[in-house]
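Structure first, then comments.
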Amino acid sequence: MSIKIYNTFTGNKEEFKPVEEGRAKLYVCGVTVYDHCHIGHARSAIVFDVIYRYLKAKGLDVVFVKNFTDIDDKILKKANTEGVPWKEVGEKYIRSFKEDMGALNILTPTYEPRATEHIDDMIRLVETLLDKGHAYRVDDDVYFSVESFVGYGRLSNRSLDEMMAGARVDVDDRKRNPLDFALWKGSKEGEPYWETSFGKGRPGWHIECSVMSTKYLGSPFDIHGGGKDLVFPHHENERAQSEAATGVRFVNYWVHNGFVNIEKEKMSKSLGNFLLIKDFMKEYHPEVLRLFFLSTHYRNPVDYTDKSIEDTNNALQRLYYTLERAREAGKGKEASAAPFRAARELEEKFYEAMDDDFNTALALSSVFELSKMVNRMVDEHDESRVPRILYARDVLVTLAQGIGLLLDDVDAFSEKERTRHLSRMGLDAASIEGMIEERVQARKNKDYKKSDEIRDTLAQKGILLQDSPKGTEWRIKSGVTTKGEDR
RNA sequence: GGCGGCAUAGCCAAGUGGUAAGGCAGCGGUCUGCAAAACCGUUAUUCUCCGGUUCAAAUCCGGAUGCCGCCUCCA
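What follows is the structure in structure tokens.
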């Protein structure tokens, strides 16, 4: 079945028809590297990672480009306040970005171009726009003339007149139209610059994406993605300057992900409610964040709350425990996976959901149904069930991994949960094992009062005990943290 | 002021014409020394409200109310 994608440009879901048969060309606006990434960046990265993975899984040869904006006002400002060379600022945060993406299991794009490595191409594009009369010089700056491009405003669905009516347009007498934007900025004293036929300076923000996308993908290319906030002005401007220069369509499908709020408030530095990816991962497994975001449709806003994350954490644990149980059930038994209809139907449902504009929230329902299916069969303790258990488990894992979930090893997952929890609570495994051993003895002596006391003590520390014929195991009860009081 | 979005159970969240997915939490049961985990059952006769179209509406149309985003750097 074909894939349908919601296109911001038309406002409709459309069947995906790639420019080149069998290929998909995808460009996503990356980050400006002047700070660590927050969970808003993570959402965008995860959404497009899923799209990238899914297009590949559909057999398309995907060329995926994600840029780094490594020359920008904010970077220069940071360099200034920290007293380090601006290039070092970029390097530092590119490194940080890669760490975070690695931890979140974001696949590395085919190309990760940096703005500073494409200055020559940007200069040529500005020259072309000047030649064609779409741009004009004012002192050392070069502006794009929005009135020279007929379709300006069509992507963000607004007309020039409407935008003019907005009171918040920066009025600059030097511009022909207040909405004209900088293609090139003359450099001020002490700022980095490049020599060009139109003066010393550095590129404006929008020009780099036009250059780097078409350089690696051609014109038109298939999908251009980014956060919803980029629709205007960034993508509108990219589109205008690209199409004005080339005379052909720039992008076929515009895809935008919704925003992340924290406790119903927009994340912003001024509100001080930013949550860095690195800080999140101190508290939770990275897949918790991925599962959380994929539980909501990518175009809708999502509200990050401690409770939602706890809920998601429980749900993810459930999936991993299912895998563990399936493994135990199949252990030592000569059995190979046997396909059966009910599991296949869920698999089909999953793909149908994904085909329909990457409906991960709906697709996940199949994953959870499979989890329940596996658990139910495991509970039957019937050896003849094992082949089906293994099959359902395999389907579950394949589907989940297709969207970047359940990629961790089952034991590694549990181990990470324990380690994270213990360090958070300031506990050590040995003392817990000791208490468990003590309790095992008490139980042998049928001293249930004592054994229950030990269990309660551990429970208060967020340690959950599970008795089974094989012995007593412990795991983490979510929601118990030392910082419980400040919540 | 302009443009756009959202409103579904205690909470989160799919569903855009055919009679309400899934997750979390809760409750009852099975299992267990008791628990936990897991499973089974249960929790919205109803989808913010008011009208309309239709054999049929959470879904389409009109109106009202509430919340949010963009219009300025921003994933």
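According to our numbering, the first sequence is numbered sequentially starting from 5. Where is the CB? At the ideal position from N, CA and C, for every residue including glycine.
With DSSP run on the structure shown, which of helix, strand or coil describes residue i?
i	result
T73	strand
F344	coil
V23	coil
V292	helix
K189	strand
A339	coil
G12	The question names Gly, yet the displayed sequence has Thr at residue 12. DSSP places T12 in coil when its eight states are reduced to three.
T218	helix
T114	coil
S472	strand
R380	helix
Y197	coil
I211	helix
D145	strand
Y31	strand
D135	helix
G94	helix
K179	coil
H228	strand
K60	helix
R479	strand
R158	coil
K17	strand
G334	helix
F153	coil
H42	strand
Evaluate residue i with the Cβ neighbour count: other Cβ atoms within 10 Å of its Cβ, from every protein chain shown; 16 or more gives buried, anything less gives exposed.
i	result
K268	exposed
E4	Since the first residue shown for the chain is 5 and the last is 491, residue 4 is missing from the structure and cannot be characterised.
R380	exposed
K487	Reliability of the predicted coordinates at K487 is poor, the pLDDT of 41 falling under 50, and the value obtained from them is presented with this limitation in mind. Exposed is the call here.
S217	buried
Q445	exposed
P207	buried
K474	exposed
N16	exposed
G34	buried
L350	buried
D451	exposed
R443	buried
K192	exposed
P89	exposed
T461	exposed
I9	buried
Q321	buried
E338	exposed
P2	The question about residue 2 has no answer here: the residues shown for the chain are numbered 5 through 491.
M168	exposed
Q464	exposed
Just to confirm, is the Cβ distance from residue i to residue j under 8 Å?
i	j	result
L468	I440	no
M290	N109	The residue you asked about is not Met; residue 290 is Pro in the sequence shown. Their beta carbons are under 8 Å apart, which means P290 touches N109 by this criterion.
Y147	L187	yes
Y31	L221	yes
Y324	F417	yes
R389	F344	no
A346	L394	no
H42	L280	yes
G205	D143	no
L400	L374	yes
Nearer than 7 Å: is that true of the beta carbon of residue i relative to any heavy atom of the ligand NAP?
i	result
F202	You won't find the ligand NAP in this model; it holds no ligand whatsoever.
Nearest to residue i by alpha carbon, out of the options?
i	options	result
I75	H138, A119, D125	A119
R348	E387, D398, I313	D398
F153	L64, G137, G334	G137
E247	I211, K273, G334, V264	I211
F278	K286, E287, V264	V264
H260	H301, A396, G466	H301
W558	T200, F236, M285	Residue numbering for the chain in the displayed model covers 5 to 491; residue 558 lies beyond these limits and cannot be assessed.
L293	A49, R27, L30	A49
E103	A61, A46, L134, D145	A46
T250	S375, E25, T132	T132
H122	A139, F202, V215, M358	V215
L298	F68, M358, F225	M358
S427	E384, F13, G438, G466	G466
G408	F101, V69, G106	G106
I79	K273, E92, R27	E92
K60	G44, K286, I7, N363	I7
C213	G203, G230, G276	G230
Subject >> Runs of alpha helix (DSSP H) lying entirely within the stretch 382-466, each at least 4 residues, in chain order >> reply: 390-406, 414-429, 433-448, 452-464
Subject >> Sequence ranges, beta strand (DSSP E) only - wholly within the stretch 251-330, length at least 3 >> reply: 255-261, 264-266, 306-308
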